[in-house]
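Reading through the structure tokens given below for one structure.
Numbering (my numbering), first residue to last: 309 to 512.
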């Protein structure tokens, strides 16, 4: 594998992925950089389905290796919501502030100690021939009572999620801190190790 297309144009997500995958002897490109403007329809009912749909879409259109992820925030007090519907929970096209306010309002009556949640990311890797592999990362934490930190583009829940073992939200952390523990980094590190291990077998 000489080139890997990441099926996303989310700047915050791409920055984190690039930080994790650096060091591989592979050119990493976004779909936009690869010249693809179409997007897959994310209508799956699981993170795995959405990740696979996006990666297969790009691999088929461009005839190259592609990777895609889907991430969900699962809040225990809300029976695991929003999960796979995290991006659309506050309504189609809702901006970051609306999404944050919506989540905090849902938890308005939930006290400290009962605001447990976790982020989960599933990464799909798809070959030009349609073979696929899945990698996942999960990070437990809790939902803060108010948004804190710097808003990361298209990553609103980072302002209200405090990972276990920390006293600050994702958005208050440095990139180094966040990348060392995040669900997305865990999943993409697994992908990175897979590519390293399989390169001599001809898979990558």
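Note that CB positions come from ideal geometry on N, CA and C, so glycine has one too.
These numbers come from a predicted model, not from an experiment.
Residue-level contact to chain C via CB, residue i, 8 Å cutoff
i: residue 486; result: Any reference to chain C falls outside this structure, which holds one protein chain only.
6 Å CB neighbourhood of residue i in its chain, flanking five on each side removed
i: residue 398; result: 406, 407 and 410
i: residue 443; result: 431, 495, 498 and 499
i: residue 385; result: 418 and 422
i: residue 457; result: 467, 477, 479 and 480
i: residue 340; result: 317
i: residue 463; result: 320
i: residue 434; result: 363, 364, 367, 374 and 440
Beta-bridge pairing of residue i - partner residues as DSSP gives them
i: residue 378; result: 430
i: residue 394; result: Answer by DSSP bridge pairing: none, since residue 394 is not bridged.
i: residue 444; result: 430
i: residue 425; result: 383 and 449
i: residue 337; result: 313
Start and end residues, alpha helix (DSSP H) containing residue i
i: residue 312; result: Premise fails: residue 312 lies in the beta strand (DSSP E), 311-314, not in any alpha helix (DSSP H).
i: residue 325; result: 319-329
i: residue 502; result: 491-506
i: residue 409; result: 404-414
i: residue 362; result: 355-370
Cut-off 7 Å between Cβ atoms - residues of its own chain near residue i, not counting five sequence neighbours on either side
i: residue 382; result: 388, 391, 425, 426 and 428
i: residue 344; result: 366, 369 and 370
i: residue 460; result: 320, 466 and 479
i: residue 450; result: 423, 424, 425 and 470
i: residue 356; result: 430 and 442
i: residue 488; result: none
i: residue 452; result: 468, 470 and 477
i: residue 472; result: 448 and 449
i: residue 342; result: 313 and 370
i: residue 416; result: none
Endpoints, beta strand (DSSP E) assigned at residue i
i: residue 470; result: 469-471
Cβ-based neighbour list, residue i, same chain, cut-off 8 Å, excluding 5 preceding and 5 following
i: residue 454; result: 412 and 468
i: residue 309; result: 334, 373, 503, 507 and 512
Inter-stretch contact at 8 Å, needing at least 3 Cβ pairs: the stretch 434-443 / the stretch 467-481:
no
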